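Structure record follows, encoded as structure tokens.
Protein chains: 2
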Amino acid sequence: MTTQLPARDRVLNAYEELLIKDGPRAATLDAVAAVAGVSKGGLLYHFKSKEALTGGLVHKLKELAELDFAAMEQDPEGCASYYVRTSVFGGTTFDTAIVAAMRLAQGEDSTVREAFAEIHATWYKLILSDVGDSAVARAIMLLGDGLYYNVAVFGTTTTPQATALDGQEVDLESLLKVVTLMRSGTRS
Amino acid sequence: MTTQLPARDRVLNAYEELLIKDGPRAATLDAVAAVAGVSKGGLLYHFKSKEALTGGLVHKLKELAELDFAAMEQDPEGCASYYVRTSVFGGTTFDTAIVAAMRLAQGEDSTVREAFAEIHATWYKLILSDVGDSAVARAIMLLGDGLYYNVAVFGTTTTPQATALDGQEVDLESLLKVVTLMRSGTRS
DNA sequence: GTCTATATGTTGATAGAC
DNA sequence: GTCTATCAACATATAGAC
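The listed protein sequences correspond, in order, to chains A and B. Here the first sequence is numbered in numbering that gives the first Met the number 0, starting from 0 and rising by one per residue. Here the second sequence is numbered in numbering that gives the first Met the number 0, starting from 0 and rising by one per residue.
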């Protein structure tokens, strides 16, 4: 039996869980507190307002993004391959934070949108430095956005390597082959 | 000076406008009624509940989708080209309905998600019949999803032919070239 | 640090006049 | 068909005990 996480972390995890499972409307302070196993007052000790709670999620997202950038740069198969491979939802901490935050991006909170814009900009820069061509880099970015969007809207599946897309399956291998095809036209 | 639209249509348009501009949370019955230029009671005469209002939007979306399918099948450049071209936000009635509904898709209302799943399935079928290869068809679908997702999250831009993506521009021509590249690998 | 009230503002929805 | 009350439910946030 593992030691319980600190209340603050449990609250953040509960917020993510509710955002993903039931959407922003259901992720009330009451509900988050209940899932985290604390009272509403207890929650508000760690995050003084709902805005602060969202701020905590955004902060976590940015931290995990930094780690992702580092891994992306060092990947033996290159940034583009890394990006496509990791855009297929794998249930990592980062994936969870992204999908949770995506559900908030449609709201009024501009901080979430701004965080996404920053992360996107860095991803694009890294992919471009890998593939060379800007149109191909953008296409790859859009593929990744599409993958995350599908998870955010239609939910996750059990298989980590394949995610459901309108009853069809997107498998990673075929997708990587298509990406190779895209790159082949511009390779020097 | 054009004749005023019927109140029912004005309400639906106001709902879309608020969903796109300020998100689902801001699209309250009060706000929708105000934008539409009717009272809350007046709104509730046409749509008996908020659920019914969303139902009206979904119905409109499905109707416009049928027209889109027909245009897609008849396009001289093929379904895939049509899909990519029209996935770049152009401000059409259909585009507006899609983006507005996308903002609702993250919520608890499963009817919106189901409508999207249906529309997606038909698009996929048509694109597959055009390009032949399932992996390429899926990649094209994901590109379109990515384009719409970017509009839904980051908002529209002024230029109809190019939409902003993290400070960069996605221009349609380059994207179509990349799609051609994808297809070239599987062409018989 | 965590809890139990409690205050305050919104939101969706009803009733009934016009 | 459209309006003006009005209500009950819920959400965020505060105050203060433990």
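Beta carbons are placed, not taken as given, at the ideal position from N, Cα and C, and that holds for glycine. In this text, all values refer to a predicted model and were calculated from it rather than measured experimentally.
* Asked: If you run the structure through DSSP and keep just helix, strand and coil, what is Leu11/B?
  -> helix
* Relative to the alpha-carbon of Val34/B, which residue among Leu4/B, Leu63/B, Glu16/B, Phe46/B has its alpha-carbon at the smallest distance? -> Glu16/B
* Asked: DSSP three-state call for Asp170/A: helix, strand or coil?
  -> Here Asp170/A sits in strand by DSSP.
* Asked: Cβ atoms of Leu52/B and Lys39/B: under 9 Å apart, would you say?
  -> no
* Rounded to whole angstroms, how far is the Cβ of Leu125/B from the Cβ of Glu72/B, which I believe are closer than 8 Å? -> 6 Å
* Can you tell me whether DSSP reads Asp74/A as helix, strand or coil? -> coil
* **Cβ-Cβ distance between Val177/B and Ala116/A below 9 Å** => In this structure, Val177/B sits away from Ala116/A, with a CB-CB distance that is not shorter than 9 Å.
* **The alpha helix (DSSP H) enclosing Thr110/B, as first and last residue numbers** => 109 to 130
* **8 Å Cβ shell around Ala96/B - same chain, five flanking residues per side excluded** => Glu15, Leu56, Lys59, Leu60, Leu63
* Asked: Among residues of its own chain, excluding the 5 on either side of Ile19/A, which ones have a beta-carbon nearer than 6 Å to its beta-carbon?
  -> Val98, Ala99
* Asked: Which residue from Tyr147/A, Leu141/A, Thr92/A puts its Cα closest to that of Glu65/A?
  -> Thr92/A
* CA-CA distance, Val150/B and Leu142/A? -> The straight-line gap from Cα to Cα measures roughly 15 Å.
* To do: Excluding the 5 residues preceding and the 5 following Arg9/A in the sequence, name in chain order all residues of the same chain whose CB lies nearer than 8 Å to its CB.
  => Gln3, Ala35, Gly36, Val37
* Between Leu103/B and the rest of its own chain, which residues show a CB-CB distance below 7 Å, the 5 nearest in sequence each way excluded? -> Leu18, Pro23, Thr53, Val111
* Throw me the rounded Cβ distance for the Leu146/A and Leu180/B pair, which I believe falls under 8 Å. => About 20 Å separates the two Cβ atoms, so there is no contact after all.
* Taking only beta-carbon atoms, is Ala161/B less than 9 Å away from chain A? -> Reliability of the predicted coordinates at Ala161/B is poor, the pLDDT of 48 falling under 50, and no value is obtained from them.
* What did DSSP end up calling Val152/A once you bin it into helix, strand or coil? -> helix
* To do: Under 8 Å Cβ to Cβ from Leu174/B, same chain only, skipping five residues before and after it: list those, please.
  => Val83, Val87, Leu142
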